[in-house]
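Residue numbers (UniProt numbering): 1 to 615.
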């Protein structure tokens, strides 16, 4: 596979980088106004802006952003929630979990965004009536895939909305569930392919979002839904998505560890958990409901505040458990694998898989019915899982990144530092004669990887897909038209990339890299944290307790449903004294200031006096 670009998902964000040219000044201004006034953010993060621009223009889109990439939340969800409030009609969000739907509905209502959900045993008559109004007063409607495939009433409502031009778009959240090779395969997701056929004239845009999709899963999604080679025959999800917006799977704030199972291994894990993360939030994933119960019992006996969450619990009890965890009444949740999907809790400090969550699907009852390629793929999955567990020398993050497809081999060529095996193959294939070979000498492995991924994101390198004679999909890295033009003209574009300082590293050519500046707000926050360290810590605790109480009163999921963690830290560090200052804080809006400003200011008063007394 050397020389092949294993991550063959092309990021199309560059086509929408100039939002004024794409949207026009008026819609662009509305977009930024809604970002601040409704969601409390001053700027977009990474590919959010380009994805939202494409969605506002009515394009189909595939948004691939790893969970937790956005430290303060509102990552993938903002990509469809913001367009929803700027668009006429209803945005229908298909989401696999009731817990996820409940979490999002709670947040939207706190932001004063008209949002409803069709799930469980609730009375839906009022919601259906509101959807039949002209225009409907619901902006976001959350439904499960089972509801879409089984409810004739909902189908008739969709048809009515479509005929009246009030069906803004369909959003398929956690879209990896469509793939049989994914860890959350849901059969009802495959039936969503009918959405394009049923709502084709006029075409209703479809947006798919996921935090986890390997190249294999994306390719399987296409094959599983029976997508024809012709670009005009759009009947499934992957080819429907004309544009893709991708964030890297590299998460430098995470560490990975495999613990060999022994008699007292979990007891040791519990003790380590109590030492490193006392009173902190975490999740223990189990393979069965019974295992959830037994693990929870073990944690409780060890003095850890734990609870269970699985499909065997009534809806009401599951919601209560989720809320207790989000509000830190319970520290650890023992749950089956689906828990936590899409839930925004920025203070999770550890995730434990009690057993390996093997991503293996059962072969047909009669094994002879399975094609040889399928049996081979199952064996390959088993071998890869065993190899992962037994590998004690390779960085876990590196293995994870390669699983999702990255540019390791290209980065090695760029640095001119290859292993003996890779060097032999590079010589044989002529890769060492390429003009860019060794141009990144002196760069660290991590920086060269980030630089190459940046080149792909900027559109200088693109992936070309090819079908092998064995019916597998491979991809090769090639210069794009943009890259070839630069190569021919000799121009030197600037690619901005932050590089961590390292005195041992050789200097890098200035035309390759430039440091990025940290945001002014964060820099000011850090300055104040250093200056007023003890005051900051106590103020943050007081604010967290206040917002937890407010969340309890409003039946919200937790303090971060009101203000993001970053925003809360900014308040504690900057100690704003006016509503004008408070509304500038990250994730704060004028509506929130009106609702909670007085109570927040009252909580800050003692700390104002302390700071004033220092001068």
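For every residue, glycine included, the Cβ atom is placed at its ideal position computed from N, Cα and C.
Reference residue i; option with closest CA among the options
i	options	result
residue 119	266, 301, 142, 462	142
residue 324	191, 303, 281	281
residue 199	331, 164, 80	164
residue 565	549, 540, 550, 581	540
residue 578	556, 608, 558	608
residue 548	327, 460, 413, 347	327
residue 584	155, 26, 38, 25	38
residue 283	425, 333, 23	333
residue 278	293, 300, 331, 310	331
residue 574	272, 556, 605, 115	605
residue 286	320, 436, 308, 594	308
residue 568	600, 34, 428	600
residue 207	169, 201, 195	169
residue 51	526, 41, 77	77
Extent of the continuous beta strand (DSSP E) to which residue i belongs
i	result
residue 208	206-210
residue 170	167-172
residue 115	115-118
residue 459	Per DSSP, residue 459 belongs to no beta strand (DSSP E) and is neither H nor E.
Three-way DSSP call (helix, strand, coil) for residue i in this model
i	result
residue 306	strand
residue 349	strand
residue 583	coil
residue 613	helix
residue 69	At residue 69 the pLDDT is 44, less than 50, meaning the model places this residue with poor confidence; the figure from the coordinates comes in the next sentence. It is coil, neither helix nor strand.
residue 87	coil
residue 42	coil
residue 20	helix
residue 127	helix
residue 578	coil
residue 363	With a pLDDT of only 34 at residue 363, under the threshold of 50, the placement of this residue in the model should not be trusted, and no figure is reported.
residue 201	coil
residue 597	helix
residue 439	coil
residue 483	helix
residue 329	coil
residue 111	coil
residue 6	Note that residue 6 has pLDDT 37, beneath the 50 cutoff, so the model's placement of it is unreliable and no number is given.
residue 100	helix
residue 354	coil
residue 339	coil
residue 491	coil
residue 235	Below a pLDDT of 50, predicted positions are generally treated as unreliable, and residue 235, at 24, falls in that range; the measurement from the model is reported next regardless. Looking at residue 235 - three-state DSSP - the assignment turns out to be coil, as it is neither helix nor strand.
is_contact[residue i, chain C] using C-beta, thresh 9 Å
i	result
residue 65	No chain C appears in the structure shown, which is made up of a single protein chain.
Run of the alpha helix (DSSP H) containing residue i, from where it starts to where it stops
i	result
residue 270	265-276
residue 255	It is not in any alpha helix (DSSP H) - residue 255 carries neither H nor E in the DSSP assignment.
residue 561	Note, residue 561: premise wrong, no alpha helix (DSSP H); not H, not E.
residue 299	289-301
residue 161	152-163
residue 64	It is not in any alpha helix (DSSP H) - residue 64 instead sits in the beta strand (DSSP E) that spans 61-64.
residue 412	408-415
residue 135	No alpha helix (DSSP H) contains residue 135, which DSSP labels as neither H nor E.
residue 533	533-553
residue 32	25-37
residue 324	315-326
residue 556	Premise fails: residue 556 is in no alpha helix (DSSP H) and is neither H nor E.
residue 260	That residue, residue 260, is in no alpha helix (DSSP H); it is neither H nor E in DSSP.
residue 175	Per DSSP, residue 175 belongs to no alpha helix (DSSP H) and is neither H nor E.
residue 422	420-429
residue 188	187-190
residue 589	It is not in any alpha helix (DSSP H) - residue 589 carries neither H nor E in the DSSP assignment.
residue 54	48-56
For residue i: DSSP bridge partner residues
i	result
residue 571	In DSSP, residue 571 forms no bridge with anything.
residue 478	462
residue 142	93, 117
residue 334	284, 308
Residue i Cβ short of 8 Å to the ligand FAD heavy atom set
i	result
residue 53	The ligand FAD is not part of this structure, which contains no ligands at all.
The region 263-270 / the region 314-323 touching (three or more Cβ pairs under 8 Å): no
Touch test, the region 326-338 against the region 123-143, Cβ-Cβ under 8 Å, three pairs minimum: no
Contact the region 50-58 vs the region 95-110: 3+ CB pairs below 8 Å: no
The region 79-87 / the region 139-153 touching (three or more Cβ pairs under 8 Å): The region 79-87, when compared against the region 139-153, does touch it at the 8 Å Cβ threshold.
Meets three-Cβ-pair contact criterion under 8 Å: the region 166-177 and the region 25-37: These segments do not touch.
The region 104-115 in contact with the region 150-158 per 3-pair CB rule at 8 Å: Contact fails between the region 104-115 and the region 150-158, because fewer than three Cβ pairs, one in each stretch, are under 8 Å apart.
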